[in-house]
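Taking it in order: structure first as structure tokens, then the write-up.
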Amino acid sequence: MVYIWFDRYLLTKVTSTLQRGGGVGPESEGGTISLPRDSIVNSRLYSVHSSNREKSRDITTTINFIKAKGSQFFNGDDSAQCLVITNITPECVKQLERIRTEERNLGSPKLTYFADETTLIIKLAGTVHAQLSRLFHDEFRRICADYGISSYMLKAYGGGNCEMPGNVHKEPDESYSPDTRSRTDFPSFVVEVGASESLNPLRLDARLWLSNTNDLTRLVLLIKIDKDAKTLIFERWERVHQPSQQPGTRTRSLTEIVPGRVEEVVVNFSNPSNITVRGAPMLLPIHLIFDNLPPLPQGVSAYRLFSISANIFRSIAAEFTDL
Numbered sequence: 013m014v015y016i017w018f019d020r021y022l023l024t025k026v027t028s029t030l031q032r033g034g035g036v037g038p039e040s041e042g043g044t045i046s047l048p049r050d051s052i053v054n055s056r057l058y059s060v061h062s063s064n065r066e067k068s069r070d071i072t073t074t075i076n077f078i079k080a081k082g083s084q085f086f087n088g089d090d091s092a093q094c095l096v097i098t099n100i101t102p103e104c105v106k107q108l109e110r111i112r113t114e115e116r117n118l119g120s121p122k123l124t125y126f127a128d129e130t131t132l133i134i135k136l137a138g139t140v141h142a143q144l145s146r147l148f149h150d151e152f153r154r155i156c157a158d159y160g161i162s163s164y165m166l167k168a169y170g171g172g173n174c175e176m177p178g179n180v181h182k183e184p185d186e187s188y189s190p191d192t193r194s195r196t197d198f199p200s201f202v203v204e205v206g207a208s209e210s211l212n213p214l215r216l217d218a219r220l221w222l223s224n225t226n227d228l229t230r231l232v233l234l235i236k237i238d239k240d241a242k243t244l245i246f247e248r249w250e251r252v253h254q255p256s257q258q259p260g261t262r263t264r265s266l267t268e269i270v271p272g273r274v275e276e277v278v279v280n281f282s283n284p285s286n287i288t289v290r291g292a293p294m295l296l297p298i299h300l301i302f303d304n305l306p307p308l309p310q311g312v313s314a315y316r317l318f319s320i321s322a323n324i325f326r327s328i329a330a331e332f333t334d335l
């Protein structure tokens, strides 16, 4: 049996969104973002420019394509971060997994493979990407330590490959699991980082984690850096109630539970001496991360335990003011 919990803060926030009648749809900028009832995340939803799409003929031409795009991305063109390779066999994907550890100019690409569709989604990851991912991890670990939650109670598995239902293979940027799970289980909390022009690929990643892991991944944090606009965007995603129109009525009712965005924090670091933060603090509900709540310090609420303050967001953004 799966229990869906709502803290008072989240319930108020979601309810106010629904009362406004907005927030539904993948590009909504306010309130809850969620997928349509009949929408299933597949490779075709990862829309990229035709120049970032390649039909694989063999491993050599595929590697050359990725190298060319990697050179473009590492020279500052963020639009080349997300690539789509079609017609790629499982054998070629395995070869690519081996080769990427040897080819330094490939960076550390993150792979999402839809085996039944023979389509590979590649997220190129450079130094800024890796630094941002690690900075969040370090801050998150510091918050855990402040409340006596050790690395044994909440294990970090980084970007280990997860095999999902439907023959989908996915690599996150960061992932965490409580000690009640084995390393082969799905993580409860996942972080996905991106630097592309659009948030769409990251949001599809969030939907995939929340809808295709047997309800075991319950919390996803998206982090997007825009080097030109000097902004960082943090989105918290989880499974939420979606309003649906009942047949023959004009009223909305809470009938569906779907992946949705429930919080957003935007950090602007264009002025290093005045880094602004909108939307903080951000809450990461501990009951979504743990299968069983661990012992907490007296007077500490489980619903507000992992609270990321504006100062933490500023300290992360301060590392990128030289971009």
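Position one of the sequence shown corresponds to residue 13 (the working numbering), numbered consecutively onward.
Positions of the beta carbon are idealized from the N, C-alpha and C atoms, including for glycine.
Quick check on this structure: which residue in 100, 178 and 328 has the alpha carbon closest to the alpha carbon of residue 67? 100
Of all the options 107, 303, 192 and 75, which has the alpha carbon lying nearest to the alpha carbon of residue 117? Residue nearest to residue 117 within the set 107, 303, 192 and 75 is 75 (criterion: CA-CA distance).
Can you give, in chain order, each stretch of the beta strand (DSSP E) that sits fully within the stretch 195 to 263 and has at least 3 residues? 201 to 206, 231 to 238 and 243 to 257
How far does the beta strand (DSSP E) with residue 131 in it reach, from first residue to last? 131 to 135
Are residue 205 and residue 292 touching if we call contact CB-CB under 9 Å? no
Quick check on the DSSP output: the alpha helix (DSSP H) that includes residue 77 runs from which residue to which? 71 to 86
Looking at the secondary structure, which residues open and close the alpha helix (DSSP H) in which residue 146 lies? For residue 146, the uninterrupted alpha helix (DSSP H) run begins and ends at 139 to 158, by DSSP.
Looking only at DSSP bridge pairs, what is residue 125 linked to? 132 and 181.
Have a look at residue 275 and residue 203 and give me their C-alpha separation to the nearest angstrom. 14 Å
Given 8 Å, three or more beta-carbon pairs between the stretch 292 to 303 and the stretch 180 to 196: yes
Buried or exposed, going by whether 16 or more other CB atoms sit within 10 Å of the CB of residue 286? exposed
Presumed contact (8 Å Cβ cut-off) between residue 90 and residue 239, rounded CB distance: 7 Å
Could you name the residues of the same chain whose beta carbon sits closer than 7 Å to that of residue 102, not counting the 5 residues immediately before and after it, in chain order? Correct list, in chain order: 127.
Return yes when the Cβ of residue 79 is within less than 9 Å of the Cβ of residue 64, no when it is not. no
For residue 278, which of helix, strand or coil comes out of DSSP? strand
Rounded C-alpha distance that separates residue 232 from residue 73: Roughly 34 Å between the two C-alpha positions.
Taking 9 Å as the threshold (C-beta atoms), are residue 247 and residue 273 in contact? yes
If we count the other Cβ atoms within 10 Å of its Cβ and call it buried at 16 or more, is residue 312 buried or exposed? exposed
Sheet register partners of residue 188 (DSSP bridge): 168 and 201
Using the three-state DSSP reduction, which class does residue 95 fall into: helix, strand or coil? strand
In whole angstroms, what is the alpha-carbon distance linking residue 43 and residue 255? Confidence at residue 43 is low in this model, with a pLDDT of 39, below 50, so its placement is unreliable and the value that follows should be read with caution. Near 12 Å, if we compare the C-alpha coordinates of residue 255 and residue 43.
With DSSP as the reference, please indicate the residues paired to residue 119 in a beta bridge. Bridge partners of residue 119: none, in fact.
Residue 208 and residue 93 look like a contact to me (Cβ under 8 Å); what is the Cβ gap, rounded to whole Å? 4 Å
In this structure, what does DSSP give as the bridge partners for residue 288? 280
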